[in-house]
Amino acid sequence: EAPESLNFLEQIIAEDLANGLAPDKLRFRFPPEPNGYLHIGHAASICLNFGLGKKFNAPVNLRFDDTNPTKEEQEYVDAIRYDIEWLGFQWDKECYSSDYFQELYDWAIELIKQGKAYVDGQSPDLIAEQKGTPTTPGKASPFRDTSVEENLDLFQRMKEGEFEAGTYVLRAKIDMSSPNMLMRDPLMYRIVRKAHHRTGTEWCIYPMYDWAHGQSDYLEQISHSLCTLEFKPHRELYDWCLDQIYDNNKLRPKQREFARRNLSYTVMSKRKLLELVQSKTVAGWDDPRMPTISGLRRRGYTPASIRKFSELSGISKRDGVTDVSLLEFCIREDLNKTATRVMGVLDPVKLVITNYPEGKEEMLVAENNPEDPNAGTHEVPFSRELYIEREDFKEEAGSKFFRLTLGQEVRLKNAYIIKGESVVKDEKGNITEIHCTCDLDSKSGSGTEASMRKVKGTLHWVSIQHAIKAEIREYDRLFLDEAPDSHEGKDFMEFVNPDSLKIIKEAYLEPFLQEAKLDDKFQFQRLGYFTLDKDATSERLIFNKTVGLRDTWAK
Ligand code: ATP
Ligand code: MG
Ligand code: MG
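Take a look at the structure:
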């Protein structure tokens, strides 16, 4: 492969291989914290790590970074596993940081014995204050020079649950005047008195990220530990922690950083997504307006479209925002090739074909997908009384209106050419029926001269007596602002779009859709792409609009 086709992380790996790293030593990991559902930003990291696994033929671990029982739950573990598999990736080992609590503890004891860690009994505020500022050195804690014996005793008692949360912490003894604030005696352990979803009440001290992450990488022999840019200053500490335990015969993991992916018109941090859920602004983590993988799935996004989006937005060294229109482009491209074409009317008005025999019904043939010659056809029932969209008819219209008017011809998709003749109105003047005549020789696909006739517009329709009723949910952006969490002094919740969900209670669909299944994708002709919602039953069909046919969203 040509070197220029490698992104900067792939280049680092290729160099390591060129410098003698054995290819069978390559191993990657995806390390989610089970404190929420995965979002489209995580998909970037998943596609990156599992993509490297594929590219270099190396295993990828799924590691749950479960060191904070106050926020983590089994529900999230299960959802994360499901989403990764759904995206099309398979991990090698399923690991948990909590599996390493004993090793991490034993290593911490070693550090205390070597005089490289100490228990600090000051308040968290005081400890923070003593850290100093990047330009002034920190102040040593009075606990910094406690004897090894005393530290071993205190740490032991921390572990045994003698102390309340917040009373003691274990700190690494590094350098209180380091220009890197993270090196100023960082916390290694804190007391958390809450049951853990895997280890229960076995532990009441929990390792901090910096103490757990690199050591977990080492235990799993991860060659390249890729994380987002905010961890760059942590790299020095990552390396310091590894120095304390590193054995020359083993592989030494390497932390490298890449840019976070953000998406316009949404928020991505799990804390904020949780706030949307808890405040009931959305119906749950999988609300179709959420940028979560589960929300996108429910909305009708496919794994391929999300993988494509990750590929197109790329891996970068600088943080950036990807426009949500790229995501929509990816799903449109995919669904155009795969979605079954059907007809549904969302805002119905009755249309009567006066010269079509009463009581007659016929089955017409509809192509499932003009983009796919193997997609086949299905039948659509036709009869004298139909629904069309209210906006597809105007009594009087200018010359640019190519839909139905009085005296003008249009084609009914897969059916006949009709001509508007008259309207029936209620006492308020609203149109209740449109009467048309039909060119009975013009049936689509019949090969007659009349069937080849060109008319300016084609409308979708459903036969009233055959139509099935359904609920349709249409979604707009969840936020009105491009970057809702970037405004100083303003909470992101202020930018929530109050009209992001529109429910149409009575739409009418062709009967073919009665058999729709959860993962089926449809293009409702002229309207957009739709998929069945998970709350649907055969008595109450519900479809979610995934995306419109083209990008009509004005900035
Ligand atoms: P959040 O703020 O959403 O909670 P996080 O980084 O704390 O994000 P983790 O569960 O720790 O969430 O993330 C697992 C992996 O996914 C990490 O390696 C993290 O760097 C990566 N990741 C998280 N968000 C993004 C993003 N927006 N773009 C790229 N990678 C991300
Ligand atoms: Mg994290
Ligand atoms: Mg987090």
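If you count by the working numbering, then the sequence shown holds residues 867 to 1421, one letter each, in order.
Ideal Cβ positions, reconstructed from N, Cα and C, are used throughout, including at glycine.
Coarse secondary structure for residue i, derived from DSSP in three states
{"i": "Leu1020", "result": "helix"}
{"i": "Lys1371", "result": "strand"}
{"i": "Ala868", "result": "Reliability of the predicted coordinates at Ala868 is poor, the pLDDT of 49 falling under 50, and the value obtained from them is presented with this limitation in mind. The answer is coil: DSSP assigns Ala868 none of H, G, I, E or B."}
{"i": "Ile1111", "result": "helix"}
{"i": "Met1209", "result": "coil"}
{"i": "Asn1235", "result": "coil"}
{"i": "His1100", "result": "helix"}
{"i": "Met1054", "result": "strand"}
{"i": "Glu1381", "result": "helix"}
{"i": "Asp1083", "result": "helix"}
{"i": "Asn873", "result": "coil"}
{"i": "Arg1010", "result": "coil"}
{"i": "Leu1036", "result": "strand"}
{"i": "Lys1421", "result": "Model confidence at Lys1421 stands at a pLDDT of 41, short of 50, so the residue's coordinates are unreliable; what they give is reported in the following sentence. Residue state, collapsed to three classes: coil."}
{"i": "Val1328", "result": "strand"}
{"i": "Asp958", "result": "coil"}
{"i": "Lys1309", "result": "coil"}
{"i": "Gln968", "result": "helix"}
{"i": "Asp944", "result": "helix"}
{"i": "Lys1294", "result": "coil"}
{"i": "Arg929", "result": "strand"}
Residue closest to residue i, alpha-carbon to alpha-carbon, out of the options
{"i": "Cys1196", "options": "Arg1416, Trp957, Cys961 and Tyr948", "result": "Arg1416"}
{"i": "Val943", "options": "Cys961, Arg1010, Asp1399 and Cys1070", "result": "Cys961"}
{"i": "Asp1307", "options": "Ile1283, Val1290 and Lys1294", "result": "Ile1283"}
{"i": "Glu1337", "options": "Asp1347, Gly1311, Asp1357 and Leu1375", "result": "Leu1375"}
{"i": "Leu830", "options": "Asn1115, Leu1117 and Ala1078", "result": "The structure shown does not extend to residue 830, since the chain is modelled only from 867 through 1421, so no value can be given for it."}
{"i": "Arg1164", "options": "Pro898, Leu918 and Ala1402", "result": "Ala1402"}
{"i": "Ser1249", "options": "Ala974, Arg1256, Ala1281 and Glu1227", "result": "Glu1227"}
{"i": "Ser1366", "options": "Asp1357, Leu1346, Lys1383 and Gly1355", "result": "Leu1346"}
{"i": "Asn1410", "options": "Glu1348, Gln1391 and Arg1339", "result": "Arg1339"}
{"i": "Leu887", "options": "Pro1119, Ala1382, Thr1168 and Phe1267", "result": "Pro1119"}
{"i": "Ile932", "options": "Asp965, His1353 and Trp952", "result": "The residue you asked about is not Ile; residue 932 is Asp in the sequence shown. Of the listed residues, the one whose Cα sits closest to Asp932 is Asp965."}
{"i": "Thr1147", "options": "Glu1360, Leu1085, Gly1313 and Gly1210", "result": "Glu1360"}
{"i": "Phe967", "options": "Glu951, Lys1005, Arg1056 and Leu918", "result": "Arg1056"}
{"i": "Leu1272", "options": "Arg929, Cys1304 and Lys1285", "result": "Lys1285"}
{"i": "Asp1051", "options": "Trp1151, Cys1107 and Ala1373", "result": "Cys1107"}
{"i": "Arg929", "options": "Gly954, Lys959 and Ala945", "result": "Lys959"}
{"i": "Gln988", "options": "Ala1031, Asp949 and Gly1027", "result": "Ala1031"}
Test item: CB-CB of residue i and residue j under 8 Å
{"i": "Phe894", "j": "Ile1088", "result": "yes"}
{"i": "Asp986", "j": "Phe1021", "result": "no"}
{"i": "Val1014", "j": "Lys982", "result": "no"}
{"i": "Leu1393", "j": "Leu1193", "result": "no"}
{"i": "Ala880", "j": "Leu892", "result": "no"}
{"i": "Val1218", "j": "Ile1297", "result": "no"}
{"i": "Glu1261", "j": "Val1289", "result": "yes"}
{"i": "Met1042", "j": "Ala994", "result": "no"}
{"i": "Thr1158", "j": "Leu914", "result": "no"}
Burial state of residue i (16 or more Cβ within 10 Å)
{"i": "Phe874", "result": "exposed"}
{"i": "Ala868", "result": "Here the model assigns Ala868 a pLDDT of 49, short of 50, so the residue's position is not dependable, and the following value carries that caveat. Result: exposed."}
{"i": "Val1231", "result": "exposed"}
{"i": "Glu1405", "result": "exposed"}
{"i": "Pro1000", "result": "exposed"}
{"i": "Met1156", "result": "buried"}
{"i": "Asn885", "result": "exposed"}
{"i": "Gln877", "result": "exposed"}
{"i": "Asn889", "result": "The residue asked about is misnamed: residue 889 is Pro in this sequence, not Asn. By the 10 Å Cβ count, Pro889 comes out exposed."}
{"i": "Pro1099", "result": "exposed"}
{"i": "Ile906", "result": "buried"}
{"i": "Met1318", "result": "exposed"}
{"i": "Ser1091", "result": "buried"}
{"i": "Lys1039", "result": "buried"}
{"i": "Thr1412", "result": "buried"}
{"i": "Leu992", "result": "exposed"}
{"i": "Ile1300", "result": "buried"}
{"i": "Gln1380", "result": "exposed"}
Residue i: CB within 7 Å of a non-hydrogen atom of ligand 1
{"i": "Gly897", "result": "Checking the sequence shown, residue 897 turns out to be Pro, not Gly. Within the cutoff, so yes."}
{"i": "His908", "result": "yes"}
{"i": "Arg1126", "result": "yes"}
{"i": "Asp1342", "result": "no"}
{"i": "Asp949", "result": "no"}
{"i": "Met1074", "result": "no"}
{"i": "Lys1136", "result": "yes"}
{"i": "Cys1196", "result": "no"}
{"i": "Gly902", "result": "yes"}
{"i": "Thr1220", "result": "no"}
{"i": "Cys1093", "result": "yes"}
Any C-beta of chain C under 8 Å from that of residue i
{"i": "Cys1107", "result": "No chain C is present in this structure, which holds just one protein chain."}
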